[in-house]
Amino acid sequence: MDLLNGIINVFTLSNITYSFVGCVLGTLVGVLPGLSPSSTIAILLPITSFLDRTGSIIMLSGLYYGAMYGGSTTSILVNIPGEPASVITCVDGFQMTRQGRAGQALWIAAVGSFIAGTFGALMVSFIGPGIAKYALKFGPPEYCGLLLFSMTTIITLSSASLIKGLIAGMVGFFLTMVGMDPLTGTPRLHFGYVGLTRGLELIPVMVGLFGIGEILSSAEEGVGQIYSGKLGKMTPRGEDLRIGLWACARGTILGFFMGLLPGINAALTSFFSYDLEKRISRHKEKFGSGVIEGVAGPEAANNATAMAGFIPLFALGIPASPAFAMILAALMIYGLQPGPLIFIQNKDFIWTVIGSMYIGNVILLILNLPLVGLWARISLIPYKILGPIILAICLLAAYSPRNTMFDVWVAVGFGILGYIMRKRGWPIIPLILGFILGDLFEGALRQSLSMSSGSVWIFFSRPIPFVFICATVVTLFITFKYLRRVPKEVLEKEET
Amino acid sequence: MHWSVLIEGMIPVILGLAGIAEGVRLITMERIQLYDVLGPGWYSIGVGFALSVIGLVYLIYQRKKGFDKAKTVDRELRKKMLYMIGALTIYTILINTAGYVLSTIIFFLVIFRVVGYRSWLIIGLMSVGASLSFYLIFGYWLQMVLPRGILIPQMF
Numbered sequence: 138m139d140l141l142n143g144i145i146n147v148f149t150l151s152n153i154t155y156s157f158v159g160c161v162l163g164t165l166v167g168v169l170p171g172l173s174p175s176s177t178i179a180i181l182l183p184i185t186s187f188l189d190r191t192g193s194i195i196m197l198s199g200l201y202y203g204a205m206y207g208g209s210t211t212s213i214l215v216n217i218p219g220e221p222a223s224v225i226t227c228v229d230g231f232q233m234t235r236q237g238r239a240g241q242a243l244w245i246a247a248v249g250s251f252i253a254g255t256f257g258a259l260m261v262s263f264i265g266p267g268i269a270k271y272a273l274k275f276g277p278p279e280y281c282g283l284l285l286f287s288m289t290t291i292i293t294l295s296s297a298s299l300i301k302g303l304i305a306g307m308v309g310f311f312l313t314m315v316g317m318d319p320l321t322g323t324p325r326l327h328f329g330y331v332g333l334t335r336g337l338e339l340i341p342v343m344v345g346l347f348g349i350g351e352i353l354s355s356a357e358e359g360v361g362q363i364y365s366g367k368l369g370k371m372t373p374r375g376e377d378l379r380i381g382l383w384a385c386a387r388g389t390i391l392g393f394f395m396g397l398l399p400g401i402n403a404a405l406t407s408f409f410s411y412d413l414e415k416r417i418s419r420h421k422e423k424f425g426s427g428v429i430e431g432v433a434g435p436e437a438a439n440n441a442t443a444m445a446g447f448i449p450l451f452a453l454g455i456p457a458s459p460a461f462a463m464i465l466a467a468l469m470i471y472g473l474q475p476g477p478l479i480f481i482q483n484k485d486f487i488w489t490v491i492g493s494m495y496i497g498n499v500i501l502l503i504l505n506l507p508l509v510g511l512w513a514r515i516s517l518i519p520y521k522i523l524g525p526i527i528l529a530i531c532l533l534a535a536y537s538p539r540n541t542m543f544d545v546w547v548a549v550g551f552g553i554l555g556y557i558m559r560k561r562g563w564p565i566i567p568l569i570l571g572f573i574l575g576d577l578f579e580g581a582l583r584q585s586l587s588m589s590s591g592s593v594w595i596f597f598s599r600p601i602p603f604v605f606i607c608a609t610v611v612t613l614f615i616t617f618k619y620l621r622r623v624p625k626e627v628l629e630k631e632e633t
Numbered sequence: 438m439h440w441s442v443l444i445e446g447m448i449p450v451i452l453g454l455a456g457i458a459e460g461v462r463l464i465t466m467e468r469i470q471l472y473d474v475l476g477p478g479w480y481s482i483g484v485g486f487a488l489s490v491i492g493l494v495y496l497i498y499q500r501k502k503g504f505d506k507a508k509t510v511d512r513e514l515r516k517k518m519l520y521m522i523g524a525l526t527i528y529t530i531l532i533n534t535a536g537y538v539l540s541t542i543i544f545f546l547v548i549f550r551v552v553g554y555r556s557w558l559i560i561g562l563m564s565v566g567a568s569l570s571f572y573l574i575f576g577y578w579l580q581m582v583l584p585r586g587i588l589i590p591q592m593f
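Heads up: the protein sequence lines correspond to chains Z and H, in order.
Going by the numbering used here, the first residue of the first sequence is number 138, and it counts up by one from there.
Going by the numbering used here, the first residue of the second sequence is number 438, and it counts up by one from there.
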């Protein structure tokens, strides 16, 4: 019933427009190399604060899963992944283009994305509230365990260099200590500077690290323009269609359930799906030469993962990937605390957002099938126009939340830091996750220890934190075991 | 060990030590906080200690592993990126004095030139167009309070 109400709520002019704009922006972000959904969400965050709360989250969510659809376009057409999650799609997708089968590759990628996206939305509707109901029993020790569990994301996203990721995560923690302490209001690490006593704002930090940092790196890498070619026939037929659809189904299941684990992101599941397709195929040797399942499986998997991430985000407040960390930040900026209570206190809001996912997937299917030629042409926009405009938006984005130039300087400073980190192979995501989770973790830890008069036994004597501690250990084990199979280039791309 | 690796490793160590020093300062301030057993001081010491230790481990690890060479970059492209940083810095300085619109026009003039446009006419038109569009969208339509500047406060 709630879901039905949510879907009905989406059918207002403003919500449909937000969903449409989000999907268009997402596809655009996916199509344009050098822009990622997380950095675009970071840049748009302050601007959306002037818009309606529900509409903004509908738009940002649409932007995220839309990017998964759009990311395949440039991978298939020009061998340049628009998104880290589409890296593996290049392997067979681009070969299909060279054989004059670009249309078929784009068709199966769009249909696979639609199947996975709709399945994901269904699962979010039915699993999310159940998990949230259980999570209502959470107190500070339970939250502390949960946050510890969600920090495993830092480890996964650092696997190209674990120690660098750990340092980046800890620096994120350190940065949250600047300013007022969350429990007693004691100013810390301000070095006598008034600007620092208010602490570092999330938005300038994110805008700097992602937006400005990415543009500076792209300028140095000389990102230019790309495609000129023909699409060929669109719909695959016969055996190709059958194989492609089965691969979509497998990719959907694998991508969704793996995507529920923190730290397992769309780039990884698309790789796992490709690996699975290759393992079960009767003609393994043909992989890499333009097989349809090499496109269908990974594209379905990355979309299913994109959807799965909404469950831990909404029900528990755990961001499963960088883009979800941005959406988490957006929810917090709007005064919403993601977690179990969101399904009770903000029922209308949450079900409208979930309802918008069904509509968003239909919009994306329309955008990505009949209009695929248009997106291919948009990828021709030169970066020398986009780059300066994005930089100017970044500075505005940093300035707008508090109207202080201090925040603009913070954004420029973090932009330079982001650029240096990219150049020197330091992962950025752990830093931002540490920055987002640090405050929450400190609060939960200190409250828990106050409850137990300083004894850490409280985390082992209560079942939920204990389960989370065990889950952390298991996730770390699984992560390390499976990440060994993922090529380093995929991990490095996802990190940045 | 390469000097850049040394700096990379020293930064977390120094930050960690700053955290420890701050923690000690907060503890010695001695406030009675019955409801907060750990307190901001001990937390700060914990984070600072962890950061320093990981920084040291990184330095030891890098010493054993050897130095990873950074990717080679085209000199022209690097110059372009450095000009961009310069333009960003000047823009940030200028915005308070010249106001949003004027400083944004100047920023675009510089940056469009840096990214490769050659005709000043095109650069000028694009800069003025983009700056005014920004002002109309963010300042006028979205009602953002944009810096007016001290030079021409009455204009915008």
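The C-beta atom is built at its ideal place from N, Cα and C for all residues, glycine as well.
Since we're looking at a predicted model, the values are computed, not measured.
- For the stretch 518–529 of chain Z, the set of positions with a beta-carbon nearer than 9 Å to some beta-carbon of chain H reads Pro519, Tyr520, Lys521, Ile522, Gly524, Pro525, Ile526, Leu528, Ala529 in chain order.
- Secondary structure of Pro373 (chain Z) (DSSP, three-state): coil.
- Within chain H, the residues Pro477 have their CB atoms less than 7 Å from the CB of Asp318 (chain Z), given in chain order.
- In this structure, the straight-line span from the alpha carbon of Leu337 (chain Z) to that of Gly316 (chain Z) is close to 7 Å.
- Taking a C-beta distance under 8 Å as the contact criterion, Val161 (chain Z) and Ile153 (chain Z) do not qualify as a contact pair.
- If you draw a straight line from the Cα of Ala437 (chain Z) to the Cα of Ser151 (chain Z), it comes to about 29 Å.
- Residue contact with chain Z for Gly553 (chain H): present (Cβ-Cβ distance below 8 Å to some residue of chain Z).
- Your pair Lys517 (chain H) and Ala356 (chain Z) checks out as a contact, with CB atoms roughly 5 Å apart and the cut at 8 Å.
- Residues Gly159, Phe447, Ile464, Val490, Ser493, Met494, Gly497 of the same chain have their beta carbon placed closer than 8 Å to that of Ser198 (chain Z), with the five preceding and five following residues left out of the count.
- Contact between Ile557 (chain Z) and Ala462 (chain Z) fails: their C-beta atoms lie close to 21 Å from each other, not under 8 Å.
- Contact annotation for Thr529 (chain H) against chain Z: Leu532, Met542, Val545, Trp546, Val549 [CB-CB distance below 8 Å, chain order].
- With 16 or more other Cβ atoms from the protein chains shown falling within 10 Å of its own Cβ, Asn440 (chain Z) counts as buried.
- Leaving aside the five residues that flank Ser481 (chain H) on each side, the residues in its chain whose CB is nearer than 8 Å to its CB run, in chain order, Gly456, Ile457, Glu459, Gly460, Leu463.
- Chain Z places no beta carbon closer than 8 Å to that of Ser556 (chain H), leaving this residue out of the contacts.
- Among the residues of the stretch 409–437 of chain Z, none has a Cβ less than 7 Å away from any Cβ of chain H.
- For Arg387 (chain Z), there are no neighbours in chain H by C-beta distance under 7 Å, as the nearest C-beta there is about 36 Å away.
- Contact between Ala548 (chain Z) and Leu532 (chain Z) is confirmed by a C-beta separation of about 7 Å, below the 8 Å threshold.
- Taking 7 Å as the Cβ-Cβ cut-off, the stretch 477–494 of chain H approaches chain Z at Pro477, Tyr480, Ser481, Val484, Ala487, Leu488, Ile491, Gly492, Val494, given in chain order.
- Counting the other Cβ atoms within 10 Å of the Cβ of Asp229 (chain Z) gives 16 or more, which makes it buried.
- Annotation: Met288 (chain Z) has no Cβ neighbours in chain H at a cutoff of 8 Å; minimum Cβ distance is about 13 Å.
- Secondary structure of Arg585 (chain H) (DSSP, three-state): coil.
- The way I'd put it, the stretch 243–253 of chain Z doesn't touch the stretch 406–425 of chain Z; fewer than three beta-carbon pairs between them come closer than 8 Å.
- Selection H:Leu443, H:Leu493, H:Met466, H:Val442 evaluated against Leu454 (chain H) yields H:Leu493 as nearest (Cα-Cα).
- Closer than 8 Å at the C-beta level to chain H, one finds these residues of the stretch 300–318 of chain Z: Ile300, Lys301, Leu303, Ile304, Met307, Val308, Phe310, Phe311, Met314, Asp318.
- When secondary structure is reduced to three states using DSSP, Met343 (chain Z) falls in the helix class.
- For Met447 (chain H), the three-state secondary structure derived from DSSP is helix.
- Pairing Ser407 (chain Z) with Pro373 (chain Z) gives a Cβ-Cβ distance that is not under 8 Å.
- In the structure shown, Gly316 (chain Z) falls within a strand segment according to DSSP collapsed to helix, strand and coil.
- Against Ile553 (chain Z), the close residues of chain H are Ile522, in the order they occur along the chain (beta-carbon pairs closer than 7 Å).
- For Ala467 (chain Z), no chain H residue has a C-beta closer than 8 Å to its own C-beta; the minimum C-beta separation is roughly 17 Å.
- Taking all protein chains shown into account, Met444 (chain Z) has 16 or more neighbouring C-beta atoms within 10 Å of its C-beta and is therefore buried.
- If you look at Thr526 (chain H), you'll find it in the alpha helix (DSSP H) that goes 512–535.
- Partner residues in the beta bridge of Arg325 (chain Z), as assigned by DSSP, are Z:Gly316.
- The Cβ neighbour count for Tyr330 (chain Z), taken over all protein chains shown within 10 Å, is under 16; the residue is labelled exposed.
- Burial state of Gly566 (chain H) is exposed, judged by a 10 Å Cβ sphere holding fewer than 16 other Cβ atoms.
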